[in-house]
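Asker:
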Amino acid sequence: MWRILVLSVALSAVAVLAKSPLHSQVPLPLSAARPLPTNIPALRIVGGNEATPGQFPHQVGIWITRKKAQYFCGGSILNANTVITAAHCAVAGDSFEIVFGAHEIRKDTTVTRKTHKKLVHENYQDDGNISNDIALLYFDSPILFTDTIQPIRLPRKNQGSFWNSEVTASGWGLLHTNDETVASVLHFVKSRVVTNFYCKLRYFFNYVRDTNICISGWWAKGTCEGDSGGPLVVYEKDGKPTLVGLTSFGISFGCSVSWPSVFTRVGSYVDWIEAGIKQLSGGHPAGSGRAAQKEACAPWFPVVAMRVSVAVLLASWLSFSRSQETDWSSVRLMTGEPQLLRQHVMDMEMEGVDYPDTPFLSRVGETRSGGDAAGGRIVGGQEAEPHQFPWQVGMLIQDKDGEMFFCGGSLLTPSWVLTAAHCAEPGYIFEVILGAHRIREHEPSQQRFKVKKDDSTVWVHPEWDSNETVNDIALIKLPGAATLNDYVQLTRIQSKERAGASLWNKNATMSGWGKPSDSAQSISPVLRFVVTRIVSNYYCNFRYLFFLIKDTNICTSGFPGKSTCNGDSGGPLTVPDDDGKETQVGITSFGIGLGCEKTWPPAFTRVSSYLDWIAKVTGGGFHDTAELGPLSSSNSTRW
Numbered sequence: 001m002w003r004i005l006v007l008s009v010a011l012s013a014v015a016v017l018a019k020s021p022l023h024s025q026v027p028l029p030l031s032a033a034r035p036l037p038t039n040i041p042a043l044r045i046v047g048g049n050e051a052t053p054g055q056f057p058h059q060v061g062i063w064i065t066r067k068k069a070q071y072f073c074g075g076s077i078l079n080a081n082t083v084i085t086a087a088h089c090a091v092a093g094d095s096f097e098i099v100f101g102a103h104e105i106r107k108d109t110t111v112t113r114k115t116h117k118k119l120v121h122e123n124y125q126d127d128g129n130i131s132n133d134i135a136l137l138y139f140d141s142p143i144l145f146t147d148t149i150q151p152i153r154l155p156r157k158n159q160g161s162f163w164n165s166e167v168t169a170s171g172w173g174l175l176h177t178n179d180e181t182v183a184s185v186l187h188f189v190k191s192r193v194v195t196n197f198y199c200k201l202r203y204f205f206n207y208v209r210d211t212n213i214c215i216s217g218w219w220a221k222g223t224c225e226g227d228s229g230g231p232l233v234v235y236e237k238d239g240k241p242t243l244v245g246l247t248s249f250g251i252s253f254g255c256s257v258s259w260p261s262v263f264t265r266v267g268s269y270v271d272w273i274e275a276g277i278k279q280l281s282g283g284h285p286a287g288s289g290r291a292a293q294k295e296a297c298a299p300w301f302p303v304v305a306m307r308v309s310v311a312v313l314l315a316s317w318l319s320f321s322r323s324q325e326t327d328w329s330s331v332r333l334m335t336g337e338p339q340l341l342r343q344h345v346m347d348m349e350m351e352g353v354d355y356p357d358t359p360f361l362s363r364v365g366e367t368r369s370g371g372d373a374a375g376g377r378i379v380g381g382q383e384a385e386p387h388q389f390p391w392q393v394g395m396l397i398q399d400k401d402g403e404m405f406f407c408g409g410s411l412l413t414p415s416w417v418l419t420a421a422h423c424a425e426p427g428y429i430f431e432v433i434l435g436a437h438r439i440r441e442h443e444p445s446q447q448r449f450k451v452k453k454d455d456s457t458v459w460v461h462p463e464w465d466s467n468e469t470v471n472d473i474a475l476i477k478l479p480g481a482a483t484l485n486d487y488v489q490l491t492r493i494q495s496k497e498r499a500g501a502s503l504w505n506k507n508a509t510m511s512g513w514g515k516p517s518d519s520a521q522s523i524s525p526v527l528r529f530v531v532t533r534i535v536s537n538y539y540c541n542f543r544y545l546f547f548l549i550k551d552t553n554i555c556t557s558g559f560p561g562k563s564t565c566n567g568d569s570g571g572p573l574t575v576p577d578d579d580g581k582e583t584q585v586g587i588t589s590f591g592i593g594l595g596c597e598k599t600w601p602p603a604f605t606r607v608s609s610y611l612d613w614i615a616k617v618t619g620g621g622f623h624d625t626a627e628l629g630p631l632s633s634s635n636s637t638r639w
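Numbering-wise (UniProt numbering), the sequence shown opens with residue 1 and increments by one.
In structure tokens:
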């Protein structure tokens, strides 16, 4: 369940990041998951070269056994009895076989030591934000130092940032993202240390701490799975290496995507290391140190060693959701595990109704239960005046398995509703609610229609792609025509003649019953709205790492914490036009899985990109801006 958030109440990852590592929004240590095959292709560390035998005499390989599974990590020699590695390698293991002086990791002629003695940093965390990723392994029988087996020296305490220093990472980790096992021979890569600010920026200011150190990753030079715990060294003026980092985690897009690799900054832990060595060797006690065994991998998430899978936006970060009508007083929001990107669908469970956890729901954001979102509002917005947005539609949607979810929409013609494909595609029965303000009540102003899905009633765009989150648009035909009045009106969309109107920096209004805040546990009981500004697609694409935003999208700024949220999917984005009236330019599609209040641009389907398809399906008859005449030449650019 790691990928993007689409605006419905269930966050179902749109897996742009959905390729294995992209399933988690938080870094997951890759050393504690996937058993290693016995055959090892002779490739190289990502973007690097094969090492010369004995080039890195401080390097060790660590075979980790937990129950009946075996994993692999790297490490470094501190003294004749102690090796240093990553906590996410050590915490998962019952026993460790440490290989010294190796070049070909599978050869039997190397020196080995077996041990179960470990000391994991007492403040190590792997619950979403990995931190203090450092551990020591101790073996009773000391090793003899040779030309190919040597200890590494530690930096001075808080020696410096090492910014722009040339550093070397080494290991037997995966050589390419698609590899299935570690390399047969030791490889290394040279890179440069980047500032922690830059590294934090690339990791969304959520994962990188002052106790980390990062390398640039440019030209696809970095560490990969199997390198976890291995050394990052800088060669100082005396020509000797100093250990400045331990391989910790990387971006889950893959090892070859030019993203900074993140290491534990050894200089931040010099005191802890020295005290830990004393403790393990029977010297003076030095704190509580942790030797408890703990699962270090996420459910079903395959990891080998070296990187933490940071679920970064993409299809797999998106989340979808559903809801059902029974007793609204007991509606509980159900979302799975957090994601970077999420689709704003809202998943619900009603009192007296128990729905099994389906694979679809398992991809939906964090699970929580609770009641009404009292006093909440659309994120950063306010409650609408009753019937302020008479084109607004609410939909309770049930799929074939009986799962329920909630989405928004807009009334395009008296017989057609415009919404998002990610809302319509999984639906089977739709309760379409027009003229509502208090969505949980049967108000006199409301008109309700039941729609059963078939080829004539629910039209999902034929090129809708849930993996890429493109063409996220659908039409639903009502069984009868809605009665237009003060409470129920048609939305207006752009005409072809005005589809090129510049929208950049325009005020835009988002409306819906979606979650009022990240902490809310249900949709809003009343219709809410927020006014923000439209941003350029270039800026939006930059914020989404140039992966998700297409010309068929439109984005709003998200500042300051103004956005759509779960349950708003399919709802309208409107702008005031030349006549002062609102024109719908977008359909709520997806947002960042970090949360609705993270000042990230929410993304919408650009309605003007689909005018021909809309006309073909509906046969026309919708309200557009043709009455406003052609665009002036000064207002004819999209961005």
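Glycine is no exception: its CB is placed at the ideal position from the N, C-alpha and C atoms.
Which class does residue 698 belong to by DSSP, given the choice of helix, strand or coil?
Answerer: Limits of the chain in this structure are 1 at one end and 639 at the other, which puts residue 698 out of reach.
Asker: Looking at the structure shown, is Leu-36 part of a helix, part of a strand, or coil, going by DSSP?
Answerer: In this predicted model, Leu-36 has a pLDDT of only 31, less than 50, meaning its place in the structure is not dependable enough to derive any value.
Asker: Are the Cβ atoms of Gly-571 and Gly-427 separated by less than 8 Å?
Answerer: Contact: no.
Asker: Using the three-state DSSP reduction, which class does Trp-272 fall into: helix, strand or coil?
Answerer: Note: Trp-272 maps to helix in three-state DSSP.
Asker: Flag this pair as yes or no: are the beta carbons of Ala-420 and Ile-473 separated by less than 8 Å?
Answerer: In this structure, Ile-473 lies closer than 8 Å to Ala-420 by Cβ.
Asker: Who are the Cβ neighbours of Lys-506 in its own chain at under 6 Å, not counting the five residues just before and after it?
Answerer: Same-chain partners within the cutoff: Ile-534, Val-575.
Asker: Judging by CA-CA distance, which residue of Lys-237, Ser-281, Tyr-203 is the nearest neighbour of Gly-250?
Answerer: The option with the nearest alpha carbon to Gly-250 is Tyr-203.
Asker: Could you tell me which whole beta strand (DSSP E) segments of length 3 or greater appear in the stretch 187-254?
Answerer: Listed in chain order, they are 187-194, 212-215, 231-235, 241-251.
Asker: Identify which residue in Thr-469, Phe-56, Gln-382, Lys-118 has its Cα closest to the Cα of Lys-240.
Answerer: Considering only alpha carbons, the answer is Phe-56.
Asker: Taking only three categories from DSSP, how would you classify Leu-43?
Answerer: For Leu-43, the pLDDT reaches just 25, beneath the cut-off of 50, and the residue's location in the model is therefore unreliable, although a value from the coordinates is still provided. Three-state DSSP puts Leu-43 in coil, outside helix and strand.
Asker: Across which residues does DSSP place Cys-555 in a beta bridge pair?
Answerer: Val-535, Ala-603, per the DSSP bridge assignment.
Asker: With a cut-off of 8 Å, does the C-beta of Leu-418 fall near any C-beta of chain D?
Answerer: The question asks about chain D, but that chain is absent: this structure has only one protein chain.
Asker: Apply the 10 Å Cβ neighbour rule to Leu-246 and answer buried if 16 or more other Cβ atoms are within range, or exposed otherwise.
Answerer: It is buried - the Cβ of Leu-246 has at least 16 other Cβ atoms within 10 Å.
Asker: Looking only at C-alpha atoms, which of Ile-213, His-187, Thr-65 sits nearest to Asn-132?
Answerer: Among Ile-213, His-187, Thr-65, the Cα nearest to that of Asn-132 is on Ile-213.
Asker: Closest by CA to Glu-50, which one among Leu-136, Pro-444, Ala-169, Leu-137?
Answerer: That would be Ala-169, whose Cα lies nearest to the Cα of Glu-50.
Asker: Any idea if Trp-163 is buried or exposed, counting beta-carbon neighbours within 10 angstroms, 16 or more meaning buried?
Answerer: With fewer than 16 Cβ atoms within 10 Å of its Cβ, Trp-163 is classed as exposed.
Asker: Could you spell out where the alpha helix (DSSP H) holding Thr-588 opens and where it closes?
Answerer: First-last for Thr-588: 582-592, but that is the beta strand (DSSP E), not the alpha helix (DSSP H).
Asker: Would you give the residue range spanned by the beta strand (DSSP E) that Val-185 belongs to?
Answerer: It is not in any beta strand (DSSP E) - Val-185 carries neither H nor E in the DSSP assignment.
Asker: Which residue wins for smallest C-alpha separation from residue 643, given the options Val-417, Val-111, Thr-115?
Answerer: What the structure shows of the chain is the stretch from 1 to 639, and residue 643 is not part of that stretch, so it cannot be assessed.
Asker: Do Thr-605 and Gln-494 count as a contact pair if the criterion is CB distance below 8 Å?
Answerer: For Gln-494 and Thr-605, no; Cβs fall outside 8 Å.
Asker: Buried or exposed for Gly-512, going by 16 or more other Cβ atoms inside 10 Å?
Answerer: When all chains shown are included, Gly-512 counts as buried.
Asker: Where does Trp-63 sit, in a helix, a strand or coil, going by DSSP?
Answerer: If DSSP states are grouped into helix, strand and coil, Trp-63 belongs with the strands.
Asker: Would you kindly report the start and end of the unbroken beta strand (DSSP E) that includes Val-617?
Answerer: From DSSP, Val-617 is part of no beta strand (DSSP E) but of the alpha helix (DSSP H) over 611-618.
Asker: If contact is defined by three or more beta carbon pairs under 8 Å, each pair taking one atom from either stretch, is the stretch 92-103 in contact with the stretch 67-83?
Answerer: They touch, by the three-pair rule.
Asker: With a threshold of 8 Å on Cβ separation, who are the neighbours of Asp-454 within its own chain once the five nearest residues in sequence on each side are excluded?
Answerer: Taken in chain order, the list of residues that qualify is empty.
Asker: Could you check where the alpha helix (DSSP H) with Ala-421 kicks off and where it finishes?
Answerer: 421-424 is the span of the alpha helix (DSSP H), which, as asked, contains Ala-421.
Asker: Tell whether a beta-carbon distance below 8 Å holds between Val-233 and Val-193.
Answerer: It is not a contact, given that the beta carbons lie outside the stated cut-off.
Asker: Can you tell me which residues form a DSSP beta bridge with Phe-263?
Answerer: DSSP, once it has assigned bridges, lists Ile-213, Thr-247 as partnering Phe-263.
Asker: Looking at C-beta atoms only, is the number of pairs between the stretch 521-531 and the stretch 433-443 that lie closer than 8 Å three or more?
Answerer: In short, these stretches touch, since the Cβ pair count reaches three.
Asker: According to DSSP, simplified to helix, strand and coil, what is Leu-137?
Answerer: Residue state, collapsed to three classes: strand.
Asker: Have a look at Tyr-487 and Cys-199 and give me their C-alpha separation to the nearest angstrom.
Answerer: The alpha-carbon atoms of Tyr-487 and Cys-199 are separated by roughly 51 Å.
Asker: What does Phe-430 pair with, by DSSP beta-bridge criteria?
Answerer: Looking at the DSSP assignment, Phe-430 forms a beta bridge with Ile-397, Val-451.
Asker: Short of 8 Å in beta carbon distance, which residues of its chain neighbour Ile-429, apart from the five on each side in sequence? Order them along the chain.
Answerer: If we look at Ile-429 and ignore the five residues flanking it on each side, its Cβ neighbours are Ile-397, Gln-398, Lys-450, Val-451, Lys-452, Lys-453.
Asker: Helix or strand or just coil, what does DSSP make of His-623?
Answerer: Strand at His-623.
Asker: Following the continuous alpha helix (DSSP H) through Ala-87, name the residue where it begins and the one where it ends.
Answerer: Where Ala-87 is concerned, the enclosing alpha helix (DSSP H) stretches over 87-90.
Asker: So, with DSSP's three-state summary, where would you put Gln-55?
Answerer: Coil.
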